[in-house]
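Participant:
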Amino acid sequence: MHEFSIAEALAAQVALYAPAGGRVLEVEIRVGALRGLEPEAMRMCWDAVTYQTPLAGSNLLMDARPWSLACPACGREWESPVPFVDCECGEQSPNPTADDELLLVAISTEDDVPAGTAASTEAPR
Ligand SMILES: [Zn+2]
Numbered sequence: 000m001h002e003f004s005i006a007e008a009l010a011a012q013v014a015l016y017a018p019a020g021g022r023v024l025e026v027e028i029r030v031g032a033l034r035g036l037e038p039e040a041m042r043m044c045w046d047a048v049t050y051q052t053p054l055a056g057s058n059l060l061m062d063a064r065p066w067s068l069a070c071p072a073c074g075r076e077w078e079s080p081v082p083f084v085d086c087e088c089g090e091q092s093p094n095p096t097a098d099d100e101l102l103l104v105a106i107s108t109e110d111d112v113p114a115g116t117a118a119s120t121e122a123p124r
């Protein structure tokens, strides 16, 4: 279950960016479909990893990004939560592509400290 190690890494990152003194209520992440993360499994791992830490009880919000599909037959492009769907024109499972991004989008805290916003790739300091 790779969700667990991802939850661990995420908790470490949140601990780094959470405003001092404010209890973290919610952590929002954005996950590309290529990651194959289950939101339910991810939440369970988050609860396990944050148990008895300052992040305990915080809610993990996971924004699962869809697959992008492009039909080679009719040129239609659209997004789907599942990779293999037929096009309206009858073409089967046209070219699914997706991102493998995993971004820490926002951290919400109890006392309205301005929410920490950080991207895993370009975090402030
Ligand atoms: Zn088509």
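Going by the working numbering, the sequence shown opens with residue 0, and the numbers climb by one from there.
Backbone N, C-alpha and C fix where the C-beta goes; we use that ideal spot for every residue, glycine too.
Given the structure is predicted, the values throughout are model-derived calculations rather than measurements.
(1) For leucine 54, does the three-state DSSP call read helix, strand or coil?
(2) Quick one: Cα of leucine 9 to Cα of tyrosine 50, how far?
(3) Tell me which residue opens and which closes the alpha helix (DSSP H) that leucine 102 is part of.
(4) At a threshold of 7 Å, does glutamate 27 count as lining ligand 1 (C-beta to nearest heavy atom)?
(5) Between the alpha carbons of isoleucine 5 and proline 95, how many angstroms are there, rounded?
(6) Nearer than 7 Å: is that true of the beta carbon of glutamate 90 relative to any heavy atom of ligand 1?
(7) Could you tell me which whole beta strand (DSSP E) segments of length 3 or greater appear in the segment 21–81?
Facilitator: So, to answer that:
(1) coil
(2) 14 Å
(3) Note, leucine 102: premise wrong, no alpha helix (DSSP H); beta strand (DSSP E) at 101–108.
(4) no
(5) 24 Å
(6) yes
(7) 23–30, 58–63, 66–69, 76–79
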